[in-house]
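Here's the structure we're looking at; comments come further down.
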Amino acid sequence: MSEAEQANSPKPPPYLEVLCKSTGKKTRFAAGTKAGFAVSLINRKLGIGAPVALHIESIREGEEPIIFGPDAVLVNYGNGWNLQTVSEMDFPGIGNGKHVRGFPTQIPNGKKVDLTNSRKMVPKPGISFLYIAKVSLAFVLMFMLAGVFMLALDNLPKLILLFNSSM
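Residue numbers (the numbering used here): 955 to 1121.
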């Protein structure tokens, strides 16, 4: 290529766009961003009930997708290649993603997020029947133990007199 052609050819943008298939939104990342960070950031922006992104892949019509691991740096492979997320919805024949593992990622605030089981992140109801039964059983056992100690303390003087009289 001559210098004139190099000057006229468009330079690739200094960022990468990743399409979130769950929401249809594109997120821009700086060149050199790791795939694990991108997945954790995209998952934090998801709404309630949206399927969680498992990893990022680069796709092109008629080509085998290129899958980025958690420590891989995101790369734009040129014309026709697009970066997109892969979620649990993309694996309908594998038991809704049960066999597909996510990966722990480091997010900017220093906390480590473990995406190995995305169902852990869904909050469960705080109070269930089993919880109430366990708490009730604990109270019953506490009162029974208190009753045993109270009987022992009430009968302690009689027990001391019995030992003293037998000696």
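No residue lacks a Cβ here, since even glycine has one placed at the ideal position from N, Cα and C.
Going by beta carbon distance, what residues of the same chain come within less than 8 Å of residue i, once the five residues before and after it are set aside?
i	result
A989	H1009, I1010, F1022, G1023, P1024, D1025, A1026, V1027 and L1028
I'd like to know whether the C-beta atoms of residue i and residue j end up nearer to each other than 8 Å.
i	j	result
T1039	A1007	yes
T977	L1000	yes
L970	F983	yes
K975	S1082	no
P968	A985	yes
I1122	N1033	Because the chain is modelled from 955 through 1121, residue 1122 falls outside the range shown and cannot be assessed.
I'd like the list of long-range same chain contacts for residue i, defined as Cβ closer than 6 Å, with 5 residues on each side in sequence excluded.
i	result
L1113	none
Would residue i be called buried (16 or more neighbouring beta carbons within 10 Å of its own) or exposed?
i	result
P1019	exposed
H1053	Any reading at H1053 needs caution, since the residue's pLDDT is 42, under 50, leaving its predicted position unreliable; the model's value is listed next. Exposed.
E1017	exposed
E1015	exposed
P1005	buried
S1090	exposed
N1118	exposed
S1120	exposed
L1105	exposed
L1115	exposed
N1109	exposed
Terminal residues of the continuous beta strand (DSSP E) containing residue i?
i	result
K980	K980 to A984
S1041	N1036 to S1041
I1010	A1007 to I1013
I996	Run containing I996: none in the beta strand (DSSP E); it sits in the alpha helix (DSSP H), A989 to R998.
I1020	I1020 to F1022
Y1031	Per DSSP, Y1031 belongs to no beta strand (DSSP E) and is neither H nor E.
E971	Y969 to L973
In the DSSP assignment, find the unbroken alpha helix (DSSP H) run with residue i in it and report its ends.
i	result
Y1085	F1083 to S1120
Could you tell me whether the Cβ of residue i comes closer than 8 Å to any Cβ of chain C?
i	result
V1029	No chain C appears in the structure shown, which is made up of a single protein chain.
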